[in-house]
Each structure stands twice: as structure tokens, then as C-alpha cells.
Amino acid sequence: MYNEWELLFGKGIAMRMRKKHNLGPRMEACSRVWVREPEALRGHWRERMPGARELRLEIGCGKGKFTVETARAEPDVLLLGLEKVPDAMVMAMEYAVREELQNVLFLDADAARLPELFADGEIDRIYLNFCDPWPRNKSAKLRLTYRTFLEKYKAVLRDGGEIWFKTDNRPLFDFSLEEFARCGLETKNVTYDLHRDGVVGILTGYEERFLAQGTPIHRCECVVRREAAEA
């Protein structure tokens, strides 16, 4: 029996990335943008680009369209793409290499490890774009907007740092707004139809497809306020 989450998410939940038989050589060819031991850079990420205005992280960057195009649009920002599926990440790295970008790096790791990879307050902004909604209630703890993940994001974000969240899944969006409030995050610029009056910002690959289908995109920004939390 399908619940509301599964019906709304549809068959996309069954999508899987195809394994690439030549993955190793392709990863090696992208060594310039591949951070193999990200934990070694904890507290020192900005040294990879000392003049960077901000350090930003996209969690679950997939094939890298959003990360690479954002890096290209803002060359004074250091963009990091985190992806735990190497078969997807290699495509993102190849894209960045083709574009000859100097302000983007990739790390294959799980979001649960963020405090091991980044020092407290090291990141300026985190992007969460179209993450898996894990529709069954018993899987709520696996959602990247669940409170345990949010606490990890809060730890590595600076005071005033932000989480920018986008999804096509209304139940996940409503759930996430509740979790943001529960974790003391200040929410702003909330919209249930981001592109209603025209395309806004850089799109992910998924987002382009949803937009073509007329699917509304939900978006919000969350701000970390350490003083308020400590008070």
C-alpha cells in the first residue's frame, strides 16, 4: 500500500545510477578537482583558494550541473560538491575539468560525516537540492533535512551562514519546514512555486525536467543564528 509520499514522488524513487566499468581511470583523470582525503583539509579548506569570498557546499551534487554552473557564475567563490555515489560524481568532475574551472572541488563522502570533514563555522552556505524524500515514515531519519543532519549543518556553518533548500516534493518540504523550526533555524524567502513568474537562478538537471513537466518547485533559505541559540 503506497502512502502519500510515495504517490507524490512517483517512480523516480526507483532510479539508479548505472555502474561505470571504467570508473577508476576516469576518476584519476580528474585528480585536479578530486579531494581524496577530505578529512585532511578540515579547518583548511580556504587554503585551496585563499582569495575566495565564500566557501559553499552542495550536498548530493549528483552529475554536478548546479555546482559547476554556480562555480562558473561566481568565480570568487569556492564551491565544493559532495556526492557519495562515485558513478555520478565522476561526471560532475569531468564537467568541471572541461570547463577549466579553478574554484570547484569534489569529495566522495556521506553528509553524516560533515563534522569530520569541516571545522566549526567553516562553511558559508550549504545547498540541498532535490534530495531523496525517503517517503516511508520509518525512514524519516534518513532525510537530509531531518534534525540530526540539520545539527551537523549548523555545526559547520558560520554564524549567519545559510542552508538553501529546493525540492519538488511538497510533503518533504512541509516536513523540512517543521524540522528547520524545531532546530532553531530562521527561515526566509519561502516559496511553493519558485519559477511561477519565470526561471529563477541556476537549475539542476532534475529541476529542468520538473520545470518542463510543469511541476512546482518549493524553495526556502535557513539562517544559522548562534547567539539566539545560545541565549
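So in numbering that gives the first Met the number 0 the end of the sequence shown lands on 230, straight run, no missing numbers. We put the CB at the ideal spot given by N, CA and C, even for glycine.
| Query | Result |
| --- | --- |
| Kindly indicate which three-state DSSP category W44 falls into: helix, strand or coil? | helix |
| Quick one: what's got a C-beta closer than 8 Å to K62's C-beta in the same chain, skipping five residues either side? | A87, M90, A91, Y94, G204 |
| Starting from Y94 and walking both ways along the alpha helix (DSSP H), at which residues does that stretch end? | 85-97 |
| Which residues bound the beta strand (DSSP E) around K165? | 156-166 |
| For the alpha helix (DSSP H) containing L116, name the first residue and the last one. | 113-116 |
| May I ask which residues mark the beginning and end of the alpha helix (DSSP H) holding R35? | No alpha helix (DSSP H) holds R35; DSSP gives it neither H nor E. |
| Can you check DSSP and say which residues form a bridge with E53? | V76 |
| Roughly how many angstroms lie between the CA atoms of L22 and C29, to the nearest whole one? | 11 Å |
| Whose C-alpha, out of E207, L127, P215, is nearest the C-alpha of T190? | P215 |
| For the alpha helix (DSSP H) that D173 lies in, which residues bound it at each end? | 169-181 |
| What does the alpha-carbon distance come out to for the pair K83 and E57? | 12 Å |
| Helix, strand or coil for Y152, going by three-state DSSP, please let me know. | helix |
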